[in-house]
Amino acid sequence: MNTPLCHTPPMGWNTWNTFSWNINAELIKSSADKMVETGLKDAGYEYIVIDDCWSLKERVNGRLVPDKEKFPDGMKAIADYIHSKGLKFGMYSCAGTHTCGGYPGSFEHEFIDAETFAGWDVDYLKYDYCYKPDCADGANLYKRMGLALRNCGRDIVFSACNWGKDDVHSWIRGTGAQLFRSTGDIQDNWESIKNIVSSQIGTSSTSGVYCHNDMDMLVVGMHGNSDNEWIADVVGGCSDTEYKTHFALWAIMNSALMIGCDIRKMSDATLEILTNKDIIAINQDIECRGPYCIRQWNNPENVFALVKPLSGGELAIGMFNFGDKTNEMSLQFFDIGLPYSSGRGLEMYDCYTHSTVGTFTERMCVQIPSHDCMMYRAKLVRTN
Ligand code: GLA
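Under numbering that gives the first Met the number 0, the first residue of the sequence shown carries the number 0, and numbering increases by one thereafter.
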């Protein structure tokens, strides 16, 4: 018991983005099957998380009870199935009196609910922030559930979800949470992705080993398919290029990687984005150092690089173009601590072609298509 959990950001799949309230045992089991069959599990995804709308609308004898129509054999049976696939099982509750969907929340029931989840062999709890009584201190409510989970007799990852409110960065580590949502809810459109990224550039120092920033579930591969009209949005989702960039950003910014599309119906392009081993390796680097941002001097709104130190001396370098036409990024190595006078350059390995593209000195200049990105691992080499 009490093994340190989530040294690196957790990876998995969550029901909310695509299915919202429309969930049941068959969906969970078939998604667990697909997690294994498609190779997602081998790529590192391990948590299958049931989000909101799984319970009855009222407690029974003070306990949360699953909706029998959705989960006729109860939650322990789901846990057993997921575990039989070598995966881990996540559930959802809320720090307030009710969940965002209007089901009972864990306010004033934290310890009994942690015990219930442990009894069902749950491995992960997402903990939301709706219907928090005004008189209650949010940080204190997360401390309660953190303490309850750490003492419930089972290792359960605590996934806090207070949407970045109430100065969460300043207190979340103290609650014992392994990850924390730092933004409002994502939508399946490019504007939403851009807004989330813009709000999180500069917060990297608060994310680190055992307590990771969570920029919300991925919309990669949704293409406008969701039972939740607000998430699907009217524009029909994003292009594959935008999903590729979205995934690269979440990876290099050290976010949890929780898939939100229907993994039973992924296109080849979606699977390729989600299983890119070089991008995942950047996200899962053992030191979990957040990136800093270098903006293109003559186009700072649209074009920027994120630079993340990796264990062992390499740098992960992502270059991003948020603009609506092809734009240039000229990364001056001076800005990342490598002056020309050092006699050293960077050998750049491209995470999409999975090959080395060459050694560069002083700067690297690339043309980035609209909404696209480049992702490299850079290795310091002598050049004279
Ligand atoms: C909030 C969370 C979402 C999801 C819903 C469920 O909006 O931020 O991720 O869990 O609640 O109702």
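No residue lacks a Cβ here, since even glycine has one placed at the ideal position from N, Cα and C. Everything numeric in this text was worked out from a predicted model, so none of it was measured.
- In this structure, ligand 1 has no non-hydrogen atom nearer than 7 Å to the beta-carbon of residue 220.
- Beta-bridge pairing by DSSP links residue 315 to 307 and 376.
- Counting C-beta pairs closer than 8 Å gives three or more between the stretch 18-34 and the stretch 223-234, which meets the contact rule.
- Counting C-beta pairs with one atom in each stretch, the stretch 363-372 and the stretch 319-332 have three or more that are closer than 8 Å, which means they touch.
- The closest CA to that of residue 216, considering only 44, 36 and 26, is found on 44.
- DSSP places residue 130 outside both helix and strand once states are collapsed to three, so it counts as coil.
- The C-beta distance from residue 141 to residue 176 rounds to 6 Å, short enough to meet the 8 Å contact threshold.
- In the DSSP assignment, residue 150 falls outside any beta strand (DSSP E), carrying neither H nor E.
- For residue 192, the CB contacts under 6 Å within the same chain, skipping 5 residues up- and downstream, are 245 in chain order.
- Secondary structure at residue 79: helix, using DSSP grouped into helix, strand and coil.
- In this structure, residue 213 has its beta carbon at no less than 7 Å from each heavy atom of ligand 1.
- Across the structure, residue 257 and residue 383 are spaced so that their CA atoms are roughly 44 Å apart.
- Put simply, the backbone Cα of residue 308 is about 41 Å away from that of residue 53.
- In this structure, ligand 1 has a non-hydrogen atom nearer than 7 Å to the beta-carbon of residue 100.
- With contacts defined as CB atoms closer than 8 Å, residue 374 and residue 351 qualify as a contacting pair.
- Here residue 174 is buried: its Cβ has 16 or more other Cβ atoms, across all protein chains shown, within 10 Å.
- Between the beta-carbon of residue 84 and that of residue 35 there is about 5 Å, and that keeps the pair under the 8 Å contact cut.
- Cβ contact annotation for residue 151 (same chain, cutoff 6 Å, sequence separation greater than five): 113, 114 and 117, in chain order.
- Of the other Cβ atoms in all chains shown, 16 or more fall within 10 Å of the Cβ of residue 275; this residue is therefore buried.
- For the stretch 10-83, the full-length beta strand (DSSP E) segments reaching 3 residues or more read 10-13 and 46-48 along the chain.
- Collapsing the DSSP output to three states places residue 281 in a helix.
- Taking the C-beta atoms as reference points, residue 251 is found no nearer than 8 Å to residue 218.
- CA-to-CA, the gap between residue 282 and residue 239 works out to about 20 Å.
- Counted as a single uninterrupted DSSP element, the alpha helix (DSSP H) harbouring residue 242 occupies residues 239-251.
- Out of 169, 364, 183 and 47, the CA that lies nearest to the CA of residue 205 is found in 169.
- In the DSSP assignment, no residue is bridged to residue 187.
- Taking residue 234 as the centre and dropping the five residues before and after it, the same chain places the C-beta of 188 closer than 6 Å to its C-beta, in chain order.
- When secondary structure is reduced to three states using DSSP, residue 274 falls in the coil class, being assigned neither helix nor strand.
- With a threshold of 16 other beta carbon atoms within 10 Å, residue 98 meets it and is buried.
- Around the C-beta of residue 237, 16 or more other C-beta atoms lie within 10 Å, and the residue is accordingly described as buried.
- With respect to residue 263, residue 40 sits apart: the two C-beta atoms are not nearer than 8 Å.
- For residue 5, the CB stays at least 7 Å from every heavy atom of ligand 1.
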